[in-house]
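Taking the numbering used here, the leading residue of the sequence shown gets 7, the next gets one more, and so forth.
We put the beta carbon where it would ideally sit given N, CA and C, even for glycine.
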Amino acid sequence: MSFTTLGLCDPILKAIQETGYTSPTPIQKKAIPLILKGDDVLAAAQTGTGKTAGFTLPLLERLSQNHQNTGTHRGQPKRHIRALILTPTRELAAQVGDNVETYAKYLPYKSTIVFGGVNINRQISTLKQGIDILIATPGRLLDLVSQNVIDLSRIEILVLDEADRMLDMGFIHDIKKVVRLVPKNRQTLLFSATFSKEIKALAAGFQTNPSLVEVAAQNTASERVEQVVYPVDKERKRELLYKLIDEGRWQQVLVFTRTKHGANKLCEYLVNRGIRAAAIHGNKSQGARTKALDDFKEKQIRVLVATDIAARGIDIDQLPHVVNFELPNVPEDYVHRIGRTGRAGREGEAVSLVCVDEDAFLRGIERLIAQKIKKVIIKGYEVDPNIEAEPINMGGGRGRRGGGRQSQSKSSNENNANKQGEQKRSNSRNRSRNRNRSRGNNA
Ligand code: AMP
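Structure representation (structure tokens):
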């Protein structure tokens, strides 16, 4: 099957040709015809399999098919926002926005990206000039709506990218507000790599008879990603990471930590040892976040230490190595993290440094991906059997996540604590606090 047979118009085909894609990916083959037909679509696909084009190409085609309805004003098309794409992170919004611009290059549509952390005035003046396609993070979008700069009443297509994240506790209220502002009679597309049962149920409230598209087993990463666990004591993790990077001559490594503080500390350690590194997380200014990601993509820095804000959707061309310096407490995040490598048909390696405290997290991940991850003991870094598991402190932040995810974090912490024989009251206080803490606020 080629893009031509999918029924896309010439300007879109020309833009695709310029990107060098020769044929649609499996998710594109399945989702594009359904979206062109006008269906609501709930699409689950592995990370890095071309989801963005999977919704953007048919979205552009649908807009151009309905173009005659938009009319003109003094010879210029009368612009109003016709398509809205929501993403959970600013980086992903920027990336999706770039994709939209690429694929819409030969179409008469204007798109723009709005997200928080940057000057709002420039966004306001761009929006006032008229926009057809808006890519946004929910917070800034609602801010602009409240300032009467954005009118969502004529949206034809609503897309939630990384939809499972968009529908969880952190965003659900904002999403509900947005849904109230867009017309009932619209097309709604939900795309993500992972979908829990709870999220599917919630999604049903936003969609009408959605077609379900799945191209591979859910909650799996690409089989091109080789996964390995290195058991190691917590105190020796950074030493081992340095050894892996240095001796393996890794030139581009994305390293994940659970907390912002942990990311800063690890970054500092690497820099002190002569490795060019930067940290990216929610406490950094948007300027610093963008610069760190750009420098990493351009190989100006060798290591990017990130919290989970960088796990979703971010596309780093040919990224060979992902390291979980700490395992995530939400098992789905593991799939998203390691999905940063092995993209677009390339090979990748995902290494997890796992200490005894994280055994329960590892079991949760293996259960989710229905696979045992290969364990390799590195000589000189064997774990000390005398070290007992300790509850994991998730750092600062308030509650956010909901559903089964929180209970994963809760049960993990409780398991560890049980091992220690319910020792101290202060531990128990920590645990109950941890239950209400979220990765979102830590990241
Ligand atoms: P995504 O899952 O949207 O983040 O896409 C992952 C990568 O696949 C990106 O680098 C895209 O540019 C690339 N890609 C998307 N569609 C195709 C295609 N049909 N053929 C080859 N590469 C593609």
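Between residue i and residue j, is the Cβ-Cβ spacing less than 8 Å?
i: threonine 118; j: leucine 98; result: no
i: valine 382; j: valine 362; result: no
i: glutamate 353; j: arginine 230; result: yes
i: leucine 310; j: leucine 272; result: no
i: threonine 313; j: alanine 366; result: no
i: valine 120; j: arginine 85; result: no
i: serine 217; j: aspartate 45; result: yes
i: threonine 143; j: arginine 192; result: no
i: valine 277; j: valine 47; result: no
i: arginine 308; j: glutamine 233; result: no
i: methionine 7; j: lysine 36; result: no
i: isoleucine 18; j: tyrosine 109; result: yes
i: alanine 100; j: leucine 69; result: no
List the DSSP bridge partners of residue i.
i: serine 117; result: Ile139
i: alanine 209; result: BP columns for alanine 209 are empty, so no partner.
i: alanine 284; result: Leu310
i: leucine 66; result: Answer is none; leucine 66 lacks a bridge partner.
i: asparagine 330; result: Phe262, Ser358
i: aspartate 167; result: Phe197
i: leucine 92; result: Ala142, Leu166
i: glutamine 71; result: In the DSSP output, where bridge partners are listed per residue, glutamine 71 has none listed.
i: valine 234; result: Val357, Lys380
i: glutamate 24; result: BP columns for glutamate 24 are empty, so no partner.
i: valine 47; result: Leu195, Ser217
Would you please state the rounded distance, in angstroms, between the beta carbons of residue i and residue j? I believe it to be under 8 Å.
i: leucine 196; j: leucine 158; result: The pair is not a contact, with the Cβ atoms about 18 Å apart (cut-off 8 Å).
i: isoleucine 5; j: leucine 246; result: The requested residue 5 is not part of the displayed model; the chain covers only 7 to 449.
i: valine 3; j: valine 235; result: In this structure the chain extends from 7 to 449, so residue 3 is not present and cannot be described.
i: proline 32; j: threonine 55; result: 7 Å
i: isoleucine 322; j: lysine 303; result: 6 Å
i: lysine 380; j: glutamate 372; result: That belief does not hold up - the Cβ atoms of lysine 380 and glutamate 372 are roughly 11 Å apart, past 8 Å.
i: glutamine 292; j: valine 124; result: 5 Å
i: leucine 368; j: arginine 346; result: So it is not a contact: roughly 19 Å between Cβ atoms.
i: tyrosine 275; j: arginine 242; result: Rounded, the Cβ-Cβ distance is 12 Å, inconsistent with contact.
Enumerate in chain order the residues of its own chain whose CB-to-CB distance from residue i is below 6 Å, with the five nearest sequence positions on each side excluded.
i: glutamine 344; result: The amino acid occupying residue 344 in the given sequence is isoleucine; glutamine does not appear at that position. Ala227, Val231, Val328, Ala356, listed in sequence order.
i: glutamate 332; result: Thr263, Arg264
i: leucine 208; result: Leu173
i: asparagine 330; result: Phe262, Ser358
i: glycine 410; result: The pLDDT assigned to glycine 410 is 34, lower than 50, so where the model puts this residue is not dependable, and the model offers no usable value.
i: glycine 122; result: Gly145, Arg146
i: glutamate 428; result: Only weak support is given to the placement of glutamate 428: the predicted model assigns it a pLDDT of 33, under 50, and the question is left unresolved by the model.
i: histidine 79; result: Below a pLDDT of 50, predicted positions are generally treated as unreliable, and histidine 79, at 49, falls in that range; no measurement from the model is reported.
I'd like the list of long-range same chain contacts for residue i, defined as Cβ closer than 7 Å, with 5 residues on each side in sequence excluded.
i: glutamine 224; result: With a pLDDT of only 49 at glutamine 224, under 50, the local geometry of the prediction cannot be trusted, and no value is derived from it.
i: asparagine 289; result: Lys266
i: valine 102; result: Thr58, Ile91, Thr93, Ile141, Asp167
i: glutamine 414; result: Model confidence at glutamine 414 stands at a pLDDT of 35, short of 50, so the residue's coordinates are unreliable; what they give is reported in the following sentence. Result list for glutamine 414: Asn335, Val336, Pro337, Gly370, in chain order.
i: isoleucine 484; result: What is shown of the chain runs 7 to 449, which leaves residue 484 out entirely.
i: serine 198; result: Ala50, Glu168, Ala169, Asp170
i: arginine 279; result: Tyr248
i: aspartate 194; result: Residue 194 is actually threonine in this sequence, not aspartate. If we look at threonine 194 and ignore the five residues flanking it on each side, its Cβ neighbours are Asp46, Leu164, Phe212, Gln213.
Could you name the residues of the same chain whose beta carbon sits closer than 8 Å to that of residue i, not counting the 5 residues immediately before and after it, in chain order?
i: valine 185; result: Leu164, Phe212
i: valine 238; result: Leu246, Leu359, Val360, Cys361, Ile384, Tyr387, Val389
i: isoleucine 87; result: Ile137, Asp138, Ile139, Leu140, Ile156, Asp157, Leu158, Arg160, Ile161
i: glutamate 107; result: Ser117
i: leucine 148; result: Asp180, Lys183, Val184
i: asparagine 215; result: Asp45, Asp46
For this session: May I ask you to verify whether the region 125 to 139 touches the region 166 to 181, counting CB pairs closer than 8 Å and requiring at least 3?
Result: no
Exercise. Is it a yes or a no for the region 111 to 128 touching the region 274 to 287, going by three-plus beta-carbon pairs under 8 Å?
Worked result: no
Exercise. On the three-pair Cβ rule with 8 Å, is the region 22 to 40 touching the region 59 to 72?
Worked result: yes
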